[in-house]
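Take a look at the structure below.
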Ligand code: URA
């Protein structure tokens, strides 16, 4: 299946109940040839309305961090763990909630082939749900962010703080961990560049990457 065919098929998905209330499937956007892919948690209200990832308040903060890390959004690919908005409708009005394990599992049928077609060198997991899905179920975001981990879908994966968490933490004063977000994006990008640069070894063999990166 081509990338466009996968996207078109995902846009018709009815595998879980999130499909019943969605406006758009937010498949992802950006450069599908990028060695760096950012994977968030799932679309919110603005993303559901526009069909694009990270376009609300958290998205604006992420854009700012991407720029401060010396990148542009167009250079990289951005997607989410689940492609439809997860919300609690019990009060009549939608209130965002984290996706359930079942919803996350159902959406792996899109995320895994999506990553398989892009073949990124580095995945940057934005927030704990993404890291638990792609790195390790018991991932501890505050202790383990900013470190390289083996990952089935890239040469290596790093996780960082979610911009929504940072926005909430900023309300208590300070930068809420924003400088760590910038630092982790820069580190992930640097690793992606290093792992994309072929090195010619003594035997003439191409040796990808650098020895201090865990390659799986
Ligand atoms: N939060 C996410 O995790 N993803 C989005 O696309 C928007 C907000």
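Numbering (the working numbering), first residue to last: 804 to 1019.
Quick reminder that beta carbons are idealized off the backbone N, C-alpha and C, glycines included.
When beta bridges are read from the DSSP output, residue 810 appears opposite no residue. Proximity of the segment 831-848 to the segment 868-884 meets the contact definition, three or more beta-carbon pairs being nearer than 8 Å.
The Cβ atoms of residue 825 and residue 910 do not sit closer than 7 Å to each other. In the DSSP secondary-structure assignment, residue 928 is bridged to 842 and 962. Those residues that have a beta carbon less than 7 Å away from any non-hydrogen atom of the ligand URA are, in order along the chain, 829, 843, 844, 845, 846, 847, 850, 856, 857, 859, 861, 862, 883, 929, 930, 965 and 967. A Cβ-Cβ contact shorter than 7 Å links residue 954 with residue 926. Of all alpha-carbon atoms in 915, 999, 885 and 948, the one lying nearest the alpha-carbon of residue 902 is that of 885. With 16 or more other Cβ atoms inside 10 Å of its own Cβ, residue 924 counts as buried. Measuring C-alpha to C-alpha distances from residue 960 to each of 990, 968 and 980 identifies 990 as the nearest. Separation of residue 983 and residue 883 (C-alpha to C-alpha, rounded to the nearest whole angstrom) is 20 Å. When DSSP states are grouped into helix, strand and coil, residue 885 belongs to the coil group. Residue 906 places its beta carbon 7 Å or farther from that of residue 964. Looking at the DSSP output, residue 880 bridges to 833 and 840. At a cut-off of 4 residues, not a single continuous stretch assigned as alpha helix (DSSP H) sits fully inside the segment 969-998.
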